[in-house]
Amino acid sequence: MPVGRGLASFESSAHKKQQYQTLGRKLVEEQREQIKTQLQVFQNALITFRKQHAEELRSNPDLWSKFSEICRSFGIDPLVISSLGIGSKADRQEKYNQLALRIIDICKLTKSLNGGMLLVDDLLDLINCESWFTEDPEVKITEQDVLTSLDNLKALGDELQLITIGNKNYIKSTTEEINADQGLILSAADILGYVTVAILRDNFKWRSYRCKSNLEDLVSNGILWVDDQSENHERRYWITSWINK
């Protein structure tokens, strides 16, 4: 009998402990949602203030500096802040400066995935997927914005270069040069997502050595990835802009 009462007591205690843990998690989640909602209210109020007082902020550097600091402390992207209420040349320049910083960061973060050849369309997807950009068309970043920012960066050197392959624009952050043959290979790869030695031989009438030499260079630079799992066992060389889709 004492043993039975002991087991029942233990099970009851364990059940209560589980109930408290469940209740604790629920309370934490509710508090998190409340804080998130309050933060969104503050963020929206700051954005509304930015739109309504753009001229005052523009004419008062001290006020603008303090306002920007407050926005950052509430987690508002500096690129969003600089994209709202644009009216003057200085406003546009600030937007392009912030965008340039974002481009540099994304190029660095994605270099191991694309070998330093970032498709501009992929860049726009990465930036505009954030809620600020999807919910407010005024701050949505366009390809022309990217091109303007890259043009402004030329004054700092040629670390980032805009190159066109086929009919698509890429941002090149690698020091390796893309020769004419490799440009043709990347254009062909962009159609199917990949190329093979046979595809290059048939379409460009190249010898196998020429195909393999250029392909190996692109692979070693991380611009193409190798796939040996095709159904016909022929090695495929995938362009990274397709792999990451």
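UniProt numbering puts the last residue of the sequence shown at 245; the count rises by one with no breaks.
Virtual Cβ for every residue (Gly too), placed ideally from N, Cα, C.
Cα-Cα separation between residue i and residue j, rounded to whole angstroms
i           : j    : result
L84         : K66  : 16 Å
S73         : L46  : 11 Å
F204        : A155 : 38 Å
W225        : D190 : 13 Å
K51         : R25  : 39 Å
V3          : V28  : Annotation note: pLDDT 49 at V3 (below 50); position unreliable, coordinate value reported separately. Cα to Cα, the separation comes out at about 38 Å.
L123        : L101 : 13 Å
A180        : D227 : 24 Å
I127        : E177 : 27 Å
E231        : K111 : 30 Å
K168        : Q34  : 44 Å
C211        : E159 : 28 Å
Q144        : L215 : 32 Å
I141        : L150 : 13 Å
residue 276 : C129 : The shown model of the chain, from 1 to 245, leaves out residue 276, and the question about it has no answer.
I223        : R32  : 42 Å
Q18         : H53  : 52 Å
T148        : E30  : 44 Å
D121        : Q40  : 29 Å
Y209        : Q229 : 22 Å
P137        : G157 : 32 Å
S213        : D125 : 33 Å
P61         : F49  : 16 Å
Cross-strand partners of residue i (DSSP beta bridge)
i    : result
T164 : N169
Y237 : V195, V226
L119 : Y170
Own chain partners of residue i with C-beta closer than 7 Å, once the 5 adjacent residues on each side are dropped
i    : result
Q98  : P78, L79, S82
G193 : W238, I239, W242
W206 : L200
M1   : The predicted position of M1 is uncertain, since its pLDDT is 46 and thus under 50; no value can be drawn from it.
G183 : I165
Nonlocal neighbours in the same chain, by C-beta distance under 8 Å from residue i, ignoring five residues either side
i    : result
A90  : R58
E56  : L63
S187 : I165, G166
I76  : Q43, L46, I47, W132
S68  : P78, I81
Q21  : none
N221 : G115, G116, T174, E176
L109 : none
A198 : E234
Close beta carbons around residue i, own chain, < 6 Å, minus the five adjacent residues each side
i    : result
Y170 : M117, L119, I163
R196 : The amino acid at residue 196 is misidentified as Arg; the sequence shows Thr. So the list reads E234, R236, once near-sequence residues are dropped.
Cβ separation of residue i and residue j, assumed to be a contact under 8 Å, to the nearest whole Å
i    : j    : result
C107 : S173 : 4 Å
I185 : L153 : Rounded, the Cβ-Cβ distance is 27 Å, inconsistent with contact.
V146 : I104 : With a Cβ gap of about 12 Å, V146 and I104 do not count as contacting.
Original post:
Taking three-plus beta-carbon pairs below 8 Å as touching, is the region 107-126 in contact with the region 89-96?
Top reply: no
Original post:
At a cut of 8 Å, does the region 163-172 reach the region 201-216 through at least three beta carbon pairs?
Top reply: no
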